[in-house]
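**Student:** The following block contains the structure, expressed as structure tokens.
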Amino acid sequence: LLVERFGLKFHKEQKEAQGYQLVVAKNGPKFKASAPEPPTDPSNTEASALRSSTPGLGSDGFPTLVPGVSGVAMMGNRGRAQLLRAPIQRLVGNLARWLEAPIIDGTGMSGQYDLSLYWVASDPIGPGPDGPSLFEAVQSQLGLKLESKKVVVPILVIDHCERLPTEN
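Now the structure itself:
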């Protein structure tokens, strides 16, 4: 539609940008590979009740999540993530969204993992008054580290676009 009605012309390029590389920290990862997923029983009403429960605020002041279910919750400036049976690339994608910066995986880890993380989003780099920053949480809770690095990212370059669309 954009090409047809607005005469959009574009191309893709690679550009170097400031970002981060996720690497294994000095003492190694603080999580283990996921256990195989148990077979699901569609008649199990307890599991469906757990999945429909509403997250709240835990005694530590951070959001709670439904046990056994992947998810992310933000309440105010406090966040908690629970990624179950997730490849490291899923964590990388979430970190890139939360930090609004490109991140590449330099861990060399493959497979699926159960990851749990909580942080204060008020200051992304320094310690928050009420808990760890995202950078500190990744290192202290996961045994991984975000290192500042120039990374190559794909970009879309608009060559031409009409202001008004052609008529139907």
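To get this note's numbering, take the position in the sequence shown, counting from 1, and add 8.
Positions of the beta carbon are idealized from the N, C-alpha and C atoms, including for glycine.
For clarity, every value in this text was computed on a predicted model and none was experimentally measured.
#1: Provide the residue(s) that pair with E24 in DSSP beta bridges, ordered along the chain.
#2: Find out if the Cβ-Cβ distance for the pair I96, G27 is shorter than 8 Å.
#3: Taking the straight line between their C-alpha atoms, what separation do you get for G87 and G114?
#4: Buried or exposed for R13, please, with buried defined as at least 16 other CB atoms from any protein chain shown within 10 angstroms of its CB.
#5: CB K153 to CB V146, shorter than 8 Å?
#6: What are the complete beta strand (DSSP E) segments, minimum 3 residues, inside the segment 88–174?
#7: Could you pull the start and end residues of the alpha helix (DSSP H) that V11 belongs to?
#8: Are A89 and L30 close, meaning C-beta to C-beta below 8 Å?
#9: So the beta strand (DSSP E) V80 belongs to, where does it begin and stop?
**Tutor:** Quick look at the numbers:
#1: Here residue 24 corresponds to residue number 16 of the sequence shown, with the count starting at 1. Answer is V160.
#2: Taking the first residue of the sequence shown as 1, we reach residue 96 at position 88. Taking the first residue of the sequence shown as 1, we reach residue 27 at position 19. Contact flag unset, no.
#3: Translated into the one-based positions of the sequence shown, residue 87 becomes position 79. Translated into the one-based positions of the sequence shown, residue 114 becomes position 106. Taking the straight line from one Cα to the other gives about 24 Å.
#4: Against the sequence shown, residue 13 aligns to sequence position 5. Under this definition R13 is an exposed residue.
#5: Taking the first residue of the sequence shown as 1, we reach residue 153 at position 145. Taking the first residue of the sequence shown as 1, we reach residue 146 at position 138. Their beta carbons are under 8 Å apart, which means K153 touches V146 by this criterion.
#6: 111–113, 121–128 and 152–168
#7: Counting from 1 along the sequence shown, the entry for residue 11 is found at position 3. It spans L10 to F14 - the alpha helix (DSSP H) in which V11 sits, taken as one unbroken run.
#8: Counted from its first residue, the sequence shown places residue 89 at position 81. Counted from its first residue, the sequence shown places residue 30 at position 22. For A89 and L30, no; Cβs fall outside 8 Å.
#9: Locating residue 80 in the sequence shown gives position 72, where the first residue counts as 1. Unbroken beta strand (DSSP E) run through V80: G79 to M83.
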